[in-house]
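**Student:**
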Amino acid sequence: MIRTRLVAVALTGAFLMTVAACGGDDADTTAGSTPTTAATTAAAEATTAPAEPTEAAAPADDKALCQEADKAAKAMTKAMVTLVGSGTEPSAGDYKAILDDMDRTLTEAVGTADSKVAAAMKEVAAQSAKAAAAPDPVEAAGDPAFEKAGTSLNAACKKVGVKVKF
């Protein structure tokens, strides 16, 4: 029993010393530990040097496109919820208007952009237009090609750091 306590105390002590050694910034320093001018200069240069962009950083245009796509998706969801919750049976024309709005919004946002995100947005817009033109827009929106286009847009936006849900 005493041996077990000693082991536990020894391990606890070793753990605490390890944590203390890895500790972080110590607020108080001793008089003999003032940094040299060279160290201070190097630290100042490190904090003022401009950050180099990483390869994973996405162009601002793609991020902006994805943010617009996200706004469009949320607007479509809100319109659908409002339509279904209105208490009346939605008509094909109601769904057509929502899908036409999605097509128009995405097409305007993309403009002449030429990237994977832009291509994915154009495909979602095309699928929205196709579904809106169908006699039964709801059935047409259930087409696997529409779902695939939305999934592609989600993936393209995820790569640039923007979460979109189509």
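In our numbering, the protein residues as written are -18 to 147. Virtual Cβ for every residue (Gly too), placed ideally from N, Cα, C. All values reported here derive from a predicted model rather than from experimental measurement.
1. Just to confirm my understanding: we take A114, look at its own chain, exclude 5 residues before and 5 after, and list those with CB closer than 6 angstroms. What are they?
2. Less than 8 angstroms between the CB atoms is what I'm expecting for A94 and L46, so what's the real figure, rounded?
3. Under the rule that 16 or more other beta-carbon atoms within 10 Å means buried, what is A20, buried or exposed?
4. Can you check the region 66 to 130 for any beta strand (DSSP E) of at least 3 residues that lies completely inside it and give the ranges in chain order?
5. Using the Cα positions of A60 and A73, report the straight-line distance between them to the nearest angstrom.
6. Taking 9 angstroms as the threshold (C-beta atoms), are K140 and K97 in contact?
7. Which same chain residues end up closer than 7 angstroms to A25 when comparing Cβ atoms and leaving out the 5 residues on each side of it in sequence?
8. Could you tell me the alpha carbon to alpha carbon distance between T69 and L80, rounded to whole angstroms?
9. I'd like to check one pair, E128 with L151: are the Cβ atoms closer than 9 angstroms?
10. Could you check the C-alpha separation between A53 and A130 for me, to the nearest Å?
11. Please classify V148: does DSSP put it in a helix, a strand, or coil?
12. Skipping 5 residues on each side, what residues in its chain have a beta carbon closer than 7 angstroms to that of L134?
13. Skipping 5 residues on each side, what residues in its chain have a beta carbon closer than 7 angstroms to that of A99?
**Tutor:** Reading it off the structure:
1. none
2. 6 angstroms
3. The pLDDT assigned to A20 is 41, lower than 50, so where the model puts this residue is not dependable, and the model offers no usable value.
4. none
5. 14 angstroms
6. yes
7. In this prediction, A25 scores a pLDDT of 39, lower than 50, which makes its location untrustworthy; the coordinate-derived value is nonetheless stated afterwards. Within the same chain, A25 has no close Cβ partners at all.
8. 19 angstroms
9. Look at the range of the chain in this structure, -18 to 147, and you will see that residue 151 is not part of it.
10. 15 angstroms
11. There is simply no residue 148 to check, as the chain begins at -18 and stops at 147 in what is shown.
12. A50, A101, M102, V105, V145 and F147
13. L46 and V91
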